[in-house]
Amino acid sequence: MKANTSAISTLFLLMISSSAIANCTKITAQSQLSSPSDGVASSWPGSLDNNNGSLGLPSVVDISTSNDFQPDGTLLASSVAPFTSYAINSGYESERVLFRCDAADANQIFEMYATNGDAAYAGLYDDGSITGVAPKAYATYVRNVAIRFTNMETGQFYDKIWKSRLLTGLDTDSQGRLLIKAKNFSAVQTEVFRLNYARAGTNNAASYLYAYTQPNAYIAFRGPGITGPADGADSQTSFPGWYGTWPASIGLYKYVTFRRGATCKVSNFTPVVTLPAINISALQAGQVSQSPFTLDFKCQSAATSGLKTGQIALGFLAPPASVAAATQYGLITSGAANYLLDEQYGTQGHARGVGVKIYRNNQPMQFLTTDTTKTTGWSPILGGDQTKVDSNTAQGIDSYTETFMAQLEKFGSDELTAGSYQAHAQILIRIQ
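For the sequence shown, this note's numbering gives the first residue as 43, with consecutive numbering after it.
Here is the structure:
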């Protein structure tokens, strides 16, 4: 009897101890919140292998077959994305409540971040440090490609050693409890590098939609009552709390296609194109405001210009605000925009009824509305009046320059209104 009594007594004491420290709770339903004003809540699965969201990278990233054309350490793509978009494939609302902690838990609530240290092609090997060209850029499943993450709040690179960031400035509910929301977690900068180093076992296909399900990095949560990684622990062997209370899988899975071959790249361009002032009466009479701009680019001699698979094309990508305005006024044809509209179109002080067209070899180009399209809005890279200015036969690289014309003109589906005009377009060159 003594043995049984002792066992029951010990279990009781452990239960009391556990209850006393379990001050943070994972929130998975609106009914757990004290008031609708606390935020929104629903079920979330945690950091599953295939659950990452978008990092905001281009949908296609080109890898050159030439080390001369893309030297060791070349930055292939970069982006900055908020937690609400990259953490989970369905996205989080900024006011999504993920955890709730007692007021006394302040200064004990942490965001933990690290690469996926137990995965060879995700976060184990710091390939960028092998030649020293991109420290903390970790091997991916794509040959010659490494990825580096930066926590935008701390400025620190992710590596496989867990780091912490104290979560502060938290909202509270009517009982004074701390609400840890999606908006409280940090944004991430992503950099994708080309390395000469080729890790064995990686994918070397001409076109590869990233299908390796292991996340490249994680964000975990640590607070009283919720187990999480400790500062300084190695993610290769330490992953307490995975996956249910880790709110973010960070990765490339299903979002980026890598294309490998002979390609082209921008070497220089006119950064600002200033259009001469023009009045309403002139625009109504069919006059336009024009200004030329120059694009310099280089191509591998083996690159083929065109719109077919494996060929090289050029496009100008309009920003989302311009695309939204163009859609509203019926200026989209076959998925591409006919005009580049002001990025603050419709607001006071900004011109209305006008947009910019880009002319190549005296022919108007459409603007890409997304970089995922395959033909509409694209033009063969050598489809204009470009001039070859240099040819390096030893390296197999040709250099070109081309002049385009930006032209502000009326488009007819909205009333002409005087004001300023400002917009930008991103120059894209890629393997189709």
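Glycine included, C-beta positions come from ideal geometry on N, C-alpha and C.
Model, not experiment: these values are computed from the prediction.
Whether Val396 touches Tyr463 by CB criterion (8 Å): yes
Three-state class that DSSP yields for Ser228 in the structure shown: The answer is coil: DSSP assigns Ser228 none of H, G, I, E or B.
Under 8 Å between C-beta atoms of Tyr254 and Tyr285: no
Member of Ser433, Ser347 and Lys399 whose CA lies at the smallest distance from the CA of Pro334: Lys399
Distance cut-off 7 Å: Arg302 Cβ against heavy atoms of the ligand ATP: Annotation note on the ligand ATP: not contained in the displayed structure, which lists no ligands.
Integer Cβ distance of Leu221 from Gly81, believed to fall under 8 Å: Rounded, the Cβ-Cβ distance is 6 Å, consistent with contact.
Three-state secondary structure (DSSP) of Val365: helix
Local Cβ density within 10 Å of Pro269, reported as buried at 16 or more and exposed below that: Residue identity check: residue 269 is Thr in the sequence provided, not Pro. Its Cβ having fewer than 16 others within 10 Å, Thr269 is exposed.
Assigned secondary structure, Phe453 (DSSP; H/G/I helix, E/B strand, else coil): coil
Rounded C-alpha distance that separates Ile63 from Arg264: In this prediction, Ile63 scores a pLDDT of 49, lower than 50, which makes its location untrustworthy; the coordinate-derived value is nonetheless stated afterwards. Each residue's alpha carbon lies about 13 Å from the other.
Integer Cβ distance of Asp384 from Ala465, believed to fall under 8 Å: 6 Å
Buried or exposed by the 16-neighbour rule on C-beta atoms within 10 Å, applied to Gln74: exposed
Neighbourhood of Leu53 by C-beta, 7 Å cutoff - its chain only, sequence neighbours within 5 removed: Reliability of the predicted coordinates at Leu53 is poor, the pLDDT of 35 falling under 50, and the value obtained from them is presented with this limitation in mind. For Leu53, same chain residues with a beta-carbon under 7 Å away, outside a window of 5 residues either side, do not exist.
Nearest residue (CA-CA) to Ser347, options Asp104, Asp201 and Gln474: Gln474
Through-space distance from Lys225 to Val77, alpha-carbon basis: Reading off the sequence, residue 77 comes out as Ser, not Val. Their backbone Cα atoms lie some 19 Å apart in a straight line.
Three-state secondary structure (DSSP) of Asp427: coil
Buried versus exposed call for Gln256 [16 or more other C-beta atoms within 10 Å across all chains shown]: buried
Buried versus exposed, by CB contacts within 10 Å (16 or more), Asp273: With fewer than 16 other Cβ atoms within 10 Å, it is exposed.
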